[in-house]
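Scroll down for the structure; my scribbles are underneath it.
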Ligand SMILES: [Zn+2]
Ligand SMILES: [Zn+2]
Ligand SMILES: [Zn+2]
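Numbering (this note's numbering), first residue to last: 195 to 462.
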């Protein structure tokens with residue numbers, strides 16, 4: 195460890211770092227009432243979560259807003275990163291991991307499926323270049339661990355991967371930690387994955403907007419999934435400017451709520 199790190203102890207909590215769809219809320223140039231709302235819960239950065247596990251902070255995805263999200267939550271270190279999938283809104287903050295290789299004293303471990311690794315290697319080719327960098331710290335130092343559907347140990351906790359469909363032709367992963375599950379960017383949950391989501395205290399699930407979408411659950415579709423799974427509490431994420439926070443929350447069934455940036459959920 196090079197120096198003291200200013201950070202908050204988040205063990206036992208999952209923090210929703212961002213709850214917005216790919217363009218964020220407000221959307222640039224949009225005059226709608228949600229985009230101009232003064233309610234802080236209507237300000238949604240791109241989707242990510244941070245999980246305070248027994249032996250360290252696990253980041254789920256590296257969205258373009260990552261730096262601001264970690265500063266906002268006063269979290270100064272990430273020990274490992276787990277990826278849901280390789281869409282731009284989930285990976286293009288990866289360069290912000292550069293500080294952590296110094297804090298950790300080793301490259302930052304990335305846990306993902308092979309297509310995510312291939313996309314990261316292409317999109318961030320300078321991090322994997324054989325040419326000598328201009329200076330230490332010019333590029334992120336990263337290692338890859340391939341994950342599949344087999345549950346695995348990470349930072350002293352069990353991670354259960356959940357296969358999800360993100361549109362008809364694209365597979366992504368959700369993750370379960372104890373009785374809390376994080377399932378963003380999906381509009382289809384295969385039966386074997388539904389079985390892995392039984393008995394939850396908290397289900398965090400994609401709900402993009404009111405109308406159906408080809409790759410995301412609509413709010414009604416996500417509510418239907420929650421009705422089938424019967425978690426104690428359901429929190430929606432990856433929302434567009436269709437869903438104003440206060441207005442939508444007031445209409446949701448008991449035990450269901452829209453998530454918001456910075457929301458902290460206890461791990462159980
Ligand atoms: Zn997304
Ligand atoms: Zn808008
Ligand atoms: Zn996506």
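The C-beta atom is built at its ideal place from N, Cα and C for all residues, glycine as well.
At least one heavy atom of ligand 3 falls within 7 angstroms of the beta-carbon of residue 379.
Under the three-state reduction of DSSP output, residue 240 falls in the strand class.
Annotation: residue 242 to residue 426 spans about 22 angstroms, alpha carbon to alpha carbon. Where residue 285 is concerned, the enclosing alpha helix (DSSP H) starts and stops at 282-285. With distances taken between CA atoms, residue 318 lies nearest to 282 out of 282, 204, 232, 352. Per DSSP, the continuous alpha helix (DSSP H) segment holding residue 262 begins and ends at 260-266. Excluding its 5 nearest sequence neighbours in each direction, residue 260 has C-beta neighbours in its own chain below 6 angstroms: 287, 290, listed in chain order. Spanning the alpha carbons of residue 405 and residue 344 requires a straight line of approximately 34 angstroms. Distances from the alpha-carbon of residue 364 to those of 325, 236, 238, 279 put 279 closest. Boundaries of the alpha helix (DSSP H) harbouring residue 298: 292-298, taken from the DSSP string. Not one heavy atom of ligand 2 sits closer than 7 angstroms to the Cβ of residue 419. As DSSP reads the structure, residue 428 sits in a beta bridge with 397, 450. Under DSSP, residue 347 forms a beta bridge with 352. Each of 256, 244, 322, 226 was checked against the Cα of residue 398, and the nearest Cα belongs to 244. Residue 285 has its alpha-carbon roughly 6 angstroms from the corresponding atom of residue 255. Rounded to the nearest angstrom, the gap between the Cα atoms of residue 407 and residue 216 is 14 angstroms. In the structure shown, residue 423 adopts helical secondary structure according to DSSP, grouped into three states.
Put simply, of 377, 383, 349 the residue whose alpha carbon is nearest the alpha carbon of residue 362 is 383.
Close CB contacts of residue 459 within its chain, under the 6 angstroms cut and outside five residues either way in sequence, are with 208, 396 (chain order).
Contact check for residue 272 against residue 247 fails: the beta carbons are separated by 8 angstroms or more.
Judged by their CB atoms, residue 433 and residue 402 are nearer to each other than the 8 angstroms cut-off.
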